[in-house]
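One structure is given below, encoded as structure tokens.
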Amino acid sequence: MVKSSSAPIISPQQLSKTLGYSLSPSEFQRVLKRCQFKEPKVGKFWHAGTSNANSNANSNANSNAGIYIIIAGKVRLLDGAGELITTLETEESFGELTLFPEVDLEPYLARASVNLKLCFLPADVVLALMDRYPQIRDHLWNTAQLRDSQCQMRSSERAATGTQNPTSAHSATPFTSGSPQKTKSQKKIKKAFFPHPAQRVGHWFQRVSRRYPFYAQQSASDCGAACLVMVSRYWGKQFSLNRLRKLANVNRDGASLRGLCFAAESVGFSTRPVQASFDELAKQKLPAIVHWEGKHFIVVYEITKTHVVVCDPGLEQRTLTHREFNQDWSGYALLLEPTLKFKDTKASSTSIWQFFELIKPHWLMLVEILIASIFLQLFGLVTPIFTQLILDRVVVQRSQVTLTTVVLGLLLFSFFRVAMTGLRQYLLVHTAQKIDLALIVGFIRHTFRLPLSYFESR
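All residue numbers in the sequence shown are consecutive under the numbering used here, ending with 1332.
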């Protein structure tokens, strides 16, 4: 059984950490009155859908919808196969997935430790706060996605190593639709990636100069994909933003943590979404992608004893103090490590030869421009030749006829030079306009051929 307690042992700081937003004192008191303090027995006591493992199966599935905040003790989260996902300690929470029943999130179980004390926030209280404060909704949604990604990765690891329980009620589901990967690819992504010596030298130079790869986002929703571009460039691969956008399933609201995991794994990264403290993040292998200001993603390249070097795709590379970083970091991070699959993944490249297709229809006009340019260079040689004639024949021999001939020749060649310059300029402008028109028409034609889903995601 779950015992209830009426002692108000949760602080405003604990509640603010769980909700990602600081409530006013009056609102905190109203929420505190609705809180239920529980002391479950050791063992499995909660599952997404039933608040107690021994409760009546016919009880309302939504009766336990809400958030559990750990006041004391520990909670182990287990997946459907009974495998450990993560261990939660004091001030951490679980149950956020029950607030989003319309989304298909991976369920999990909770196992209580000795002397576990919980504070339960019913769903109606939390939903009212979510409607009133969008920051709370975003924070809880990110937490639910983090738990879902951890469940997905745990299930994927079991499937790759052959330990997947075939009778499990909650088997792993792919991030997106499509055929499952072959076992060979799953084994390949587990193999370690060793940077080339040139890359090691480049990484050393980047740490010394503190100049890391930077890629600016094209829109506010591209921050997650742009961060993946930067991390890929750090490890020596150039991937296009559009390719990673598509893999991460970016929409108008941006990319989810789950989508970033799928995109990173698709190009050969081993991913691990975590919720950690700053000290724990500093011990991890960098670069990593962190959730910023509750609505943004940035890349953390380096953490020193005094500063944190980050690249914000919406701004530029920045050096922050530990305090400045902790103020805006929401506590979530995506740890990325390249595998052997990353080395074999083909990088995106744009060939310069594709631009010759634009000028191929105008090759005749370009030949005319070339001929005009050659004549202009030849006319440029006339002036020094006539200058030599004036010095040798006119000045020395005082020949009036030669002077008249040279002057007429200069005037004639100057006229031809002006005409040829005008002709070449006309041909250049005419050709440029035709190429511009072809580009514009091609862009409009391509735009009208795009599916409606392309515009709905932007």
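Cβ atoms here follow ideal geometry from the backbone N, Cα and C, with glycine treated the same way. Model, not experiment: these values are computed from the prediction.
I1172 and S900 have their C-alpha atoms some 35 Å from each other. In the three-state scheme derived from DSSP, where H, G and I count as helix and E and B as strand, Q1191 is classed as strand.
For K912, the enclosing beta strand (DSSP E) begins and ends at 910 to 914. Take L958, set aside five residues on each side of it, and the residues of its chain with a beta-carbon closer than 7 Å to its own are R950, L952, in chain order.
Here D1096 is buried. Its C-beta has 16 or more other C-beta atoms within 10 Å. Contact fails between the stretch 1108 to 1121 and the stretch 1183 to 1198, because fewer than three Cβ pairs, one in each stretch, are under 8 Å apart. Collapsing the DSSP output to three states places I1243 in a helix.
Just measuring C-alpha positions, the residue of V977, P1235, P1212, T1279 sitting nearest F1143 is P1212. In this structure, V1182 sits near H1196, with a CB-CB distance shorter than 9 Å. A1162 is a Cβ neighbour of L1208, given a cutoff of 9 Å.
Under the criterion of beta carbons closer than 8 Å, Q1024 and T972 do not qualify as touching, at roughly 17 Å. Just so you know, the alpha carbons of E1139 and A1306 end up roughly 44 Å apart. When the beta-carbon positions are compared, Q1091 and A1099 come within less than 9 Å of each other. In the DSSP annotation of this structure, the continuous segment of the beta strand (DSSP E) that includes Y1206 starts and ends at 1203 to 1212. The residues Q1019, D1022, S1023, Q1026, F1049, in chain order, have a CB closer than 8 Å to that of R1132 in the same chain once the five nearest residues on each side in sequence are set aside. The Cβ neighbour count for H1304, taken over all protein chains shown within 10 Å, is under 16; the residue is labelled exposed. Linking G947 to A986 through their CA atoms gives a straight-line distance of about 8 Å.
For A1221, there is no enclosing alpha helix (DSSP H), as DSSP marks it with neither H nor E. Counting only the Cα atoms, Y982 lies some 6 Å from G954. In the DSSP assignment, F919 falls within the unbroken beta strand (DSSP E) covering 917 to 921. Shown here, W1109 sits in coil according to DSSP, grouped into three states, outside any helix or strand. 9 Å or more divides the Cβ of Y1086 from the Cβ of E1198. In this structure, the straight-line span from the alpha carbon of A1312 to that of H1236 is close to 11 Å.
If you look at G1296, you'll find it in the alpha helix (DSSP H) that goes 1274 to 1323. Distance between Q910 and C993, taken at the CA atoms: about 6 Å.
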